[in-house]
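A.B. asks:
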Amino acid sequence: MSKLCVSCGSDHMQHESRNLTFTYKDQHVVVEAVEGCYCPDCGAAYLEDNGRYAESCATLVRHTTVAEAALIRETRKKLGLTQREAGELFGGGVSAFSEYERGKTQPHKATLLLLRLLNAHPESVRCKG
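So for the sequence shown, UniProt numbering puts the first residue at 1; every next one is plus one.
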C-alpha cells in the first residue's frame, strides 16, 4: 500500500535515504543519509527521524549567528563607534547594536551587507567633527 503525499495527493511517494542540504543565509550544511518518504511530483519530504537533520540545521544557524555577531562588533569597533552611536548611524535604535552583538536579534540584510563592506573599508565612514 502506497502512502499519499499530504502536500499534493500523489501516490508516488518513495521511501529512501537522501543527502539533504540546508541553507541559512550564505552558509550550507549537508546532512547525509536522511531516511524518509519523498514525493517526486511536488518535492515534499516527510522525514522519519528528523532529529539529526534538525540538530544540524540548528547548529548551522547558531554558528552563523555567532559569526555575524562577532563581525558586527568588530566592524563597530573598527569604526570607533559606541553601540549607541552605531544604532543612531545605522538605525534600529540605541540598543540595537547591543542586541545584534549578543545575537539576540538580527539586523536587516541591507545593514549587514553595509557592515561587511565597511569592515573591509572602514575609511569609508567620516564622522562629523
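Where a beta carbon is used, it is the ideal one built from N, C-alpha and C, also for glycine. No experiment lies behind these values; they were computed from the predicted model shown.
Which same chain residues, not among the five before or five after K3, have their C-beta less than 7 Å away from its C-beta?
C.D. replies: As a position in the sequence shown, residue 3 is number 3, starting the count at 1. Once the five neighbours on either side are set aside, the close Cβ partners of K3 are M13, C37.
A.B. asks: Alpha carbon to alpha carbon, how far is C8 from D41?
C.D. replies: Residue mapping note: residue 8 aligns to position 8 of the sequence shown, counting from 1. Residue mapping note: residue 41 aligns to position 41 of the sequence shown, counting from 1. Each residue's Cα considered, the two are about 8 Å apart.
A.B. asks: With contact counted as at least three CB pairs below 8 Å, one residue from each stretch, are the region 51 to 71 and the region 87 to 95 in contact?
C.D. replies: no
A.B. asks: Can you look up Q27 in the DSSP assignment and give me helix, strand or coil?
C.D. replies: As a working mapping, residue 27 is identified with position 27 in the sequence shown. Q27 carries a strand assignment under DSSP once its states are collapsed to helix, strand and coil.
A.B. asks: For R102, name the three-state secondary structure that DSSP assigns.
C.D. replies: For this step, residue 102 is matched to residue 102 along the sequence shown. Of the three classes helix, strand and coil, the one that applies to R102 here is coil, per DSSP.
A.B. asks: At what residue ranges does the region 29 to 89 contain a whole run of the beta strand (DSSP E), taking only runs of 3 or more?
C.D. replies: 45 to 47
A.B. asks: Bridge partners of F22, per DSSP?
C.D. replies: As a first step, residue 22 is located in the sequence shown; it is residue number 22 there, counting from the start. BP columns for F22 point to V29.
A.B. asks: To the nearest whole angstrom, what separates the beta carbons of Y24 and L60, a pair I think is in contact under 8 Å?
C.D. replies: For the purposes of this step, residue 24 is identified with residue 24 of the sequence shown, where counting begins at 1. For the purposes of this step, residue 60 is identified with residue 60 of the sequence shown, where counting begins at 1. Between Y24 and L60, the beta carbon gap of about 5 Å places them in contact (Cβ cut-off 8 Å).
A.B. asks: Could you spell out the range, first to last residue, of the alpha helix (DSSP H) harbouring L118?
C.D. replies: Numbered from 1 along the sequence shown, position 118 holds the residue referred to as residue 118. Element bounds for L118: 109 to 120.
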